[in-house]
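One rule links them: number in the working numbering = place in the sequence shown (from 1) + 1. Yeah, the Cβ is synthetic: ideal placement off N, Cα and C, and Gly gets one too. A quick note: this is a predicted structure, and the numbers were derived from the prediction, not measured. Taking it in order: structure first as structure tokens, then the write-up.
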Amino acid sequence: MTGNSYNGYAAASLATLMRSLKPHDHLCLIYESEDEWAQAIVPFILTGLEQGEKCLYIVDAGTTQQLSTVLSKAGLDVAAAERKGQFTVIQERDAYTKEGFFDPDLMIKLLISETEKALSEGYPALRATGEMSWALLHDIGKMGIPDTILLKSGKLTDEEMAIMHRHPRLDRGTGPDIYPAAER
């Protein structure tokens with residue numbers, strides 16, 4: 002994607018698409034620049050807020066301030082929306098790898114919980130989006146290893162070494178090791 006085009010779609014068409022989303026719609030947007038990201042995320046969030054939906058954004062460490070800046074430039078009082086409870090930002094580590102590794106079941110539970118919370122607060126829907134740049138890690142197998150082991154400064158126990166030896170199997174990307182829900 003370059004400039005104001007998205008695989009043949011004008012930026013205005015992308016904004017129109019964001020505004021036309023209905024509950025349960027799902028998109029995957031891949032962008033090459035901060036400008037492309039902003040042209041997608043601003044109408045996505047603002048439309049949700051305008052429609053009275055609760056909006057959830059899962060940010061990576063490098064996006065938190067950028068998100069606030071682009072939404073503020075678009076006219077949103079981010080702090081007020083957060084205080085009101087209509088706009089929530091969650092750090093990726095708290096959403097995707099809360100237990101020290103990616104567990105899709107926990108991610109789904111988080112989304113269900115946030116949806117139920119939004120509905121119980123009187124919102125008609127939860128509009129959620131999240132940064133997935135962590136998925137581009139060169140060594141995705143590490144996602145299946147708890148941080149307590151990866152970040153340990155001392156010698157690993159035999160049990161921790163056994164977990165580390167799973168790493169090559171996780172890195173192959175074969176579903177059951179990383180995605181146990183896929184077996185159900």
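Residue j beta carbon less than 7 Å from that of residue i
{"i": "glutamate 115", "j": "leucine 57", "result": "yes"}
{"i": "aspartate 61", "j": "glutamate 160", "result": "no"}
{"i": "leucine 15", "j": "alanine 41", "result": "yes"}
{"i": "alanine 96", "j": "leucine 72", "result": "no"}
{"i": "valine 43", "j": "alanine 75", "result": "yes"}
{"i": "isoleucine 91", "j": "isoleucine 113", "result": "no"}
Sequence-distant residues of the same chain with beta carbon closer than 6 Å to residue i, five excluded per side
{"i": "lysine 55", "result": "Gln87, Ala119, Tyr124 and Leu127"}
{"i": "serine 21", "result": "none"}
{"i": "alanine 129", "result": "Leu57"}
{"i": "glycine 49", "result": "Cys56 and Arg128"}
{"i": "leucine 30", "result": "Ala41"}
Which of helix, strand or coil DSSP assigns to residue i
{"i": "isoleucine 164", "result": "helix"}
{"i": "glutamine 87", "result": "coil"}
{"i": "glutamine 40", "result": "helix"}
{"i": "alanine 81", "result": "helix"}
{"i": "leucine 152", "result": "coil"}
{"i": "isoleucine 59", "result": "strand"}
{"i": "glutamine 92", "result": "strand"}
{"i": "glutamate 35", "result": "helix"}
{"i": "isoleucine 46", "result": "helix"}
{"i": "glutamate 54", "result": "coil"}
{"i": "leucine 18", "result": "helix"}
Chain C contact for residue i (CB, 7 Å cutoff)
{"i": "isoleucine 113", "result": "This model lacks chain C altogether, as it is built from one protein chain only."}
First through last residue of the alpha helix (DSSP H) which encompasses residue i
{"i": "leucine 157", "result": "Careful: leucine 157 lies outside any alpha helix (DSSP H) and carries neither H nor E."}
{"i": "lysine 99", "result": "First-last for lysine 99: undefined, no H or E at that position."}
{"i": "alanine 129", "result": "Alanine 129 -> not in any alpha helix (DSSP H); beta strand (DSSP E) instead, spanning 127-131."}
{"i": "leucine 112", "result": "105-121"}
{"i": "leucine 68", "result": "65-74"}
Residues of its chain near residue i, where Cβ-Cβ distance is below 7 Å and the 5 sequence neighbours each way are ignored
{"i": "leucine 47", "result": "Ala75 and Leu77"}
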